[in-house]
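Numbered according to this note's numbering, the sequence shown spans residues 104 to 389. Below is one structure; the comments refer to it alone.
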Amino acid sequence: MRAANATLISALLARTPMQRANLFNFQLLNGTLLYLTDYSENLTVNGNLYIGIGMGITRSNWSVKNTPDVQTMTLKLNSNGTDYAGSNIKKLIHNGLLDGAVITMYTLFMTIPGNASLGTVLIYGGSASTITLDALGASIIVKGDNVLMQQNMPRNEYKLQCIHKLYDSGCTLSKAAYTITNTVGSGFTPTVNQVAWGSVPSNPQYYLQGVITFTSGVASGSSRTVNAASSSGLGFSYPLYAAPAVGDTFSVYRGCDHTKSGGCTSFGNTQHFRGFLSIPPVETAL
């Protein structure tokens, strides 16, 4: 059962001929909202402009159960390379556009094409999960909000490593204080998997497990986890969509291995270490 306003209910009961359009709201991690519809033309609904891409976006069926099972829906986004504000949606998704995005789908009923006066009906809401790129575009599996109920409990566990996330309130360190800016150097030809330092910082190995974000060039806006760091340069755990050029700028912040003798000591932050160096046997832990 889906809630609808009285005007729409009356129109449905009167069997008024209607057209229907699916509206998709994408709320990105940076707060940006992306509005798309499978209608063939742009639609303005509740003050928001939905870009009409027709069959460029399709969805699978889904089911609703009166159980804790997580409902899923698969969205298929196709692109000719320039139909999303002149951008290649595959490249944007590859660079993390939909990572952690919240996706909501509404259905709009129209007695006259483009007339949104009957309002919308909320159909589905969830978060982007597995994303697969193919020759035509991307397939996005959206999982319902009750997926949060699948988190392991309790949240705090006996672990040798620190259970704080780097730079969170428990760690207390400031990410900005440990972020540097640099340029792609010419030590070797940049690739989608590695770049040389333009200016080698002190202790370059500290940036292992940190995150690099490119701020200019073809890779601008792309972020990758650093899985190799030395005086030669930085390597990425996941390739970029296109190789940066010498002189392109980037920022990178320090990483942490979450051990007391490693990360915490290098940061001088052992007072906030929250690992357990002497873990009791399971039989006596409770």
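Beta carbons are placed, not taken as given, at the ideal position from N, Cα and C, and that holds for glycine. Just so you know, these numbers come straight off a predicted model, no measurement behind them.
CB of residue i within 7 Å of CB of residue j, strictly
i: K179; j: S242; result: yes
i: I315; j: L337; result: yes
i: D248; j: G273; result: no
i: V245; j: I192; result: no
i: G320; j: A348; result: yes
i: V148; j: A219; result: yes
i: C265; j: G378; result: yes
i: A130; j: L139; result: The sequence shown places Gln at residue 130, not Ala. No, Cβ-Cβ distance for Q130 and L139 is not below 7 Å.
i: G313; j: Y356; result: yes
i: Y142; j: G155; result: yes
Residue i - DSSP class collapsed to helix/strand/coil
i: Y356; result: strand
i: L116; result: helix
i: Q308; result: helix
i: L472; result: Lying before the first or after the last residue shown, residue 472 is absent from the chain, which here runs from 104 to 389.
i: S369; result: helix
i: Q122; result: strand
i: I160; result: strand
i: L251; result: helix
i: T282; result: strand
i: S190; result: strand
i: T294; result: coil
i: A107; result: coil
i: S364; result: helix
i: L195; result: helix
Beta-bridge pairing of residue i - partner residues as DSSP gives them
i: Y227; result: M208
i: L236; result: A241
i: W300; result: V287
i: K246; result: T175 and S230
i: I154; result: L139
i: M213; result: Q122
i: V148; result: N151
i: G320; result: Answer by DSSP bridge pairing: none, since G320 is not bridged.
Assumed close pair residue i, residue j - CB separation to whole angstroms, cut-off 8 Å
i: T286; j: D351; result: 7 Å
i: G290; j: S335; result: 6 Å
i: L276; j: N125; result: With 8 Å as the limit, L276 and N125 do not qualify as a contact, their Cβ atoms being about 44 Å apart.
i: G222; j: L146; result: Not confirmed; about 13 Å, so no contact.
i: N330; j: F339; result: 7 Å
i: A346; j: V303; result: Rounded, the Cβ-Cβ distance is 20 Å, inconsistent with contact.
Residue i: CB within 6 Å of a non-hydrogen atom of the ligand MN
i: I234; result: Annotation note on the ligand MN: not contained in the displayed structure, which lists no ligands.
Exercise. Is the stretch 355 to 374 in contact with the stretch 267 to 280, if contact means three or more CB pairs nearer than 8 Å?
Worked result: Yes, the stretch 355 to 374 touches the stretch 267 to 280.
For this session: Report yes or no: do three or more beta-carbon pairs, one from the stretch 121 to 130 and one from the stretch 199 to 216, lie closer than 8 Å?
Result: Taking one beta carbon from each stretch, the stretch 121 to 130 and the stretch 199 to 216 have 3 or more pairs nearer than 8 Å; the two touch.
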